[in-house]
Amino acid sequence: MCGIVAYLGRKQAYPIVINGLRRLEYRGYDSAGVALIQEGAMRIYKCQGKVSDLEAHVGASSTAGTVGMGHTRWATHGPPNDINAHPHASNKGDLAIIHNGIIENYAAIKEELRHRGHVFKSDTDTEVLAHLIDDIRTTEEVDLAEAVRLALQSVVGAYAIVVMDRRSPDTLVAARKSSPLVIGIGDDGDHYMASDATPIVEYTRNVVYLEDGEIAVIDRDKGLTIRNIKNQSKTPFIQELEMHLEALEKGGYDHFMLKEIHEQPRSIRDSLRGRLNVAKGEVVLGGIKDHEQKLINARRILILGCGTSWHAGLVGEYLFEDLARIPVEVEYASEFRYRNPIVNEDDIVIAISQSGETADTMAAIELAKGRGATIFGICNVVGSSIARVTHAGSYTHAGPEIGVASTKAFTAQVTVLTLMALMIGQRKGTIASSAFHRMLNELDSIPDKVQRVLGTEEEVKRIARIYKDATNALYLGRGYCFPVALEGALKLKEISYIHAEGYPAAEMKHGPIALIDEEMPVIVIATKGASYEKVVSNVQEVKARKGKIIAIVTEGDRVVRELADHSIEIPETADPLVPLLSVVPLQLLSYHIAVMRGCNVDQPRNLAKSVTVE
Ligand code: G6P
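Numbering (my numbering), first residue to last: 74 to 687.
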C-alpha cells in the first residue's frame, strides 16, 4: 500500500529513487512521483500511472540533486490522478512530503488550516500533513524535525512519512506509526530510506528499522539521529540485511509470479532447512522453542490472517486438529478485530502474514495480545512489524515474493504449519510414532515432488488455452484440499479477472450446481485419500450437468481420468501434504490464463501486495 523511498548523500538522488520505486511498485501502482532539491529549489515531478510513466513524464527535465524522495501510490483518499499523486507540497511549495498510510483526522485538520488561509490542491489526507508541518514550522519558528514532531502529535492514523524542505536542503526527516520504514546507512554519509529493504540492499547491508512513534533525522554532516514523539533521543539499532540482490530480479522468467512458482522446490526446502531432521526423527522450530510448551498444552488455537495467508490458516486448521488434536478457529483478521471476540490468557494465536505488515492482521494481534493470549507469528519478511510484535515465531524463509499474487509464500506458510502440527502431535502423542516417521519422510520428499508437478506445465498451458475466455470458474475440493480450492479460485480471479469461486465439493449441491452448464469449467481436486470416493461422486454430478471438468488427480488414477475432460497428475503423498502439491497446477493454470488474456500478472489492477491500510 504505497511505497516510499528517499536518499541523501553524495550520489545523484534521482536514479536511486527511481530504481527504488521500481522495486516498491508491488505496493501500489496508481501513480508515482519524485521530489528533488536543486540549488535551493524544490522540484516535484508526478503523474498518474506506473514508474515507467513517471520516467516518461520527467523526460529530459533536469534531475540533478543529491537529496530526493519518491512515492508509488495505491489510492485511498482521492482517485488516482496527477494531482493526488505524491509528493505533496505545502502552500508555498517549500516543503514536500511522501506518505504511506492514512491520516484519519485529516478532515478536521484541513478545515482548521483552511480557516488560516491554506489552499489545498488535492483530495488527499497527505497534503494536509504537508501544510500542517509547514504551518508549525513558520509560526513556531522551529526546525524541520521539531515541526514534524509537533505536527504528528495532532495526527490520528497510520503513517510512514519522509519530509524534505528546500530551506533545509541537507536534511531528511522521516517518521513512522504502523506503516514500515527502513533506513540504510551507506558509506561516507550516504543514507537511504524506504518502505522495505529492497531499494536499499544494493547499496548497503546496514539498516535500522524505525520503530513506531520514532522520528529519524538524516543530516548531511551529523548522519542519522532518532528521537521519539516525546522528544526522547534513541540509539539507532543497526542490523545486517540477509537479503540477496538476485532474489529481487526476474532471473530469466517473464514474470516474478512464474519465477516464484518455479522457486517452490527451493523455497519449501528452505522452510524445512534446519527444522526437519529425518535421520533423528525430530522437528525443531528454533524461533518458538522457548514457548513450545504453551503450544503443546494449548486448549485452543486461533489462526489469524488475510487473503492467501488466511487460506494457509485453513490448511493449518486441518493439520492441528488432525495431527495434534487441538481445536482451531481460523479468523479473517479484519472481522476478528471488530467483533469483540472471546480471547483468553490460555489461548494461542498464530498470525500468518507474508509481508508482516498487513494492517488488519497487526490490529488483530494487538487485540489478542491485550487480552493476554500468546502470539506466534508466521511471516516471510524478516524484521517486519508483525514479526516484531509477536511473542515468538517462525519465518517462512521463502525469500522476497514480488508478484502481487502470492504463490511460494503460501506453500512456505503451509510447510511451517505442517512442521508445527507434527512437532506438537509427536510431543503430545496424538500421532503414532510410525505415522510420524512416515510423515517426516514424506515431507522431506515434497520439494522433489513439487518439481515433478512443475513438469505438468505444458499440459496446464494447453488447458489454459482452451479455457482462457471463460467468464466463470468453479473450484472444488474436500478436506485438506478445500482451502486449496479457495486459493485456486483466488489466484484465477485476482490476476485474470475471471470470476471464480472455491467451494467444499459437497456444498456444490447447495447452490453453485445451478451455475453449471456446458460452458462452465469446474476445477476439481480429486486426489487419492480419505475423501476420494466422495469427490468422485461430486465429479459425476458435475458431469451429469455437462460441466467441463479439469481434475487434479493422483498419478496412475484411472477413475477420475475417465470422467474428466482434462486431468493433471500429481505424485502420491500423505493426505496432510497434498495441499503443497495440488496448489501448484492451480497457480500455473491461473498464471497462463492471465498471460493469454494479456493481463498484467505481477501487478493486477486495483491490488497491492502489502496492505497497510484497513
Ligand atoms: C494482499 C496480497 C495477498 C496476501 C494478502 C495478505 O491481498 O495481495 O497476496 O495474501 O494481502 O497479506 P500478508 O502479507 O498478510 O500475507
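Cβ coordinates follow ideal geometry from the N, Cα and C atoms, glycine included.
First and last residue of the uninterrupted alpha helix (DSSP H) at residue i
{"i": "I459", "result": "458–462"}
{"i": "Q366", "result": "365–369"}
{"i": "M115", "result": "Where M115 is concerned, there is no enclosing alpha helix (DSSP H), although the beta strand (DSSP E) it sits in stretches over 114–121."}
{"i": "L653", "result": "651–669"}
{"i": "S104", "result": "Here S104 belongs to no alpha helix (DSSP H); instead the beta strand (DSSP E) covers 104–111."}
{"i": "K183", "result": "179–188"}
{"i": "V90", "result": "86–97"}
{"i": "G386", "result": "380–392"}
Within 9 Å, strictly: CB atoms of residue i and residue j
{"i": "I302", "j": "Q427", "result": "no"}
{"i": "M142", "j": "M74", "result": "no"}
{"i": "R618", "j": "D590", "result": "yes"}
{"i": "V235", "j": "L245", "result": "yes"}
{"i": "I369", "j": "E402", "result": "no"}
{"i": "R95", "j": "V124", "result": "yes"}
{"i": "S569", "j": "I641", "result": "no"}
{"i": "L283", "j": "R249", "result": "yes"}
{"i": "A578", "j": "F555", "result": "yes"}
{"i": "D208", "j": "L186", "result": "yes"}
{"i": "I598", "j": "S655", "result": "yes"}
{"i": "V107", "j": "H144", "result": "yes"}
{"i": "L440", "j": "R410", "result": "yes"}
{"i": "P594", "j": "R342", "result": "no"}
{"i": "A137", "j": "Y80", "result": "no"}
{"i": "N268", "j": "A432", "result": "Correcting the residue identity first, residue 268 is Ser in this sequence and not Asn. For S268 and A432, no; Cβs fall outside 9 Å."}
{"i": "M316", "j": "I77", "result": "no"}
{"i": "P253", "j": "N173", "result": "yes"}
{"i": "I176", "j": "L202", "result": "yes"}
{"i": "E430", "j": "I451", "result": "no"}
{"i": "G239", "j": "G113", "result": "Sequence inspection shows Arg at residue 239; the Gly mentioned does not correspond to that position. Cβ distance < 9 Å, so R239 and G113 count as in contact."}
{"i": "L314", "j": "H264", "result": "no"}
{"i": "I596", "j": "L659", "result": "yes"}
Proximity winner among the options, relative to residue i (alpha-carbon distances)
{"i": "G602", "options": "T627, R339, D590, K250", "result": "T627"}
{"i": "M493", "options": "H572, A397, K534", "result": "A397"}
{"i": "G286", "options": "T212, A224, A203, P644", "result": "A224"}
{"i": "D675", "options": "A270, R538, L565", "result": "L565"}
{"i": "K522", "options": "R551, F449, E645, A108", "result": "E645"}
{"i": "G502", "options": "V280, G296, Y102, D395", "result": "D395"}
{"i": "D126", "options": "I258, A105, V215, I110", "result": "A105"}
{"i": "T447", "options": "Q305, L345, N417", "result": "N417"}
{"i": "L345", "options": "D517, R631, E219", "result": "D517"}
{"i": "A424", "options": "D243, V651, P414, K442", "result": "K442"}
{"i": "K582", "options": "V462, S610, V557, E567", "result": "S610"}
{"i": "V533", "options": "E214, I176, I623", "result": "I623"}
{"i": "R372", "options": "V422, L314, R461", "result": "V422"}
{"i": "E365", "options": "F449, V140, T199", "result": "F449"}
{"i": "A681", "options": "S479, L490, G113", "result": "S479"}
{"i": "I685", "options": "I89, M115, Y232", "result": "In the sequence on display, residue 685 carries Thr and not Ile. Ranking the options by Cα distance to T685, first place goes to Y232."}
{"i": "R339", "options": "G257, N453, G472", "result": "G472"}
{"i": "T139", "options": "V90, K183, H130, A181", "result": "V90"}
{"i": "Q111", "options": "Y179, H130, S134", "result": "S134"}
Limits of the beta strand (DSSP E) - the one that residue i falls within
{"i": "M316", "result": "Per DSSP, M316 belongs to no beta strand (DSSP E) and is neither H nor E."}
{"i": "S428", "result": "First-last for S428: undefined, no H or E at that position."}
{"i": "A599", "result": "Premise fails: A599 is in no beta strand (DSSP E) and is neither H nor E."}
{"i": "I622", "result": "621–627"}
{"i": "F449", "result": "447–452"}
{"i": "V403", "result": "401–405"}
{"i": "Y80", "result": "76–81"}
{"i": "V229", "result": "First-last for V229: undefined, no H or E at that position."}
{"i": "A546", "result": "545–550"}
{"i": "M493", "result": "M493 -> not in any beta strand (DSSP E); alpha helix (DSSP H) instead, spanning 481–501."}
{"i": "P577", "result": "572–577"}
{"i": "Y540", "result": "That residue, Y540, is in no beta strand (DSSP E); its alpha helix (DSSP H) goes 530–540."}
{"i": "G466", "result": "465–468"}
{"i": "L297", "result": "296–301"}
{"i": "K250", "result": "244–250"}
Residue i Cβ short of 8 Å to the ligand SAH heavy atom set
{"i": "G561", "result": "Absence of the ligand SAH from the depicted structure is noted, with the ligand G6P being the only ligands included."}
- Query: Does the segment 581–592 come close enough to the segment 496–516 that 3 or more CB-CB pairs lie under 8 Å?
  - Reply: no
- the segment 354–365 in contact with the segment 461–475 per 3-pair CB rule at 8 Å: yes
- Inter-stretch contact at 8 Å, needing at least 3 Cβ pairs: the segment 332–345 / the segment 376–389: no
- Message: Under 8 Å, with one C-beta from each stretch per pair, do the segment 406–416 and the segment 431–444 reach the 3-pair mark?
- Response: yes
- Kindly confirm or deny that the segment 288–296 and the segment 314–334 touch, where touching means at least three C-beta pairs closer than 8 Å. no
- Item | Touch test, the segment 154–163 against the segment 119–135, Cβ-Cβ under 8 Å, three pairs minimum | yes
- Message: Within 8 Å, do at least three Cβ pairs link the segment 187–198 to the segment 271–278?
- Response: no
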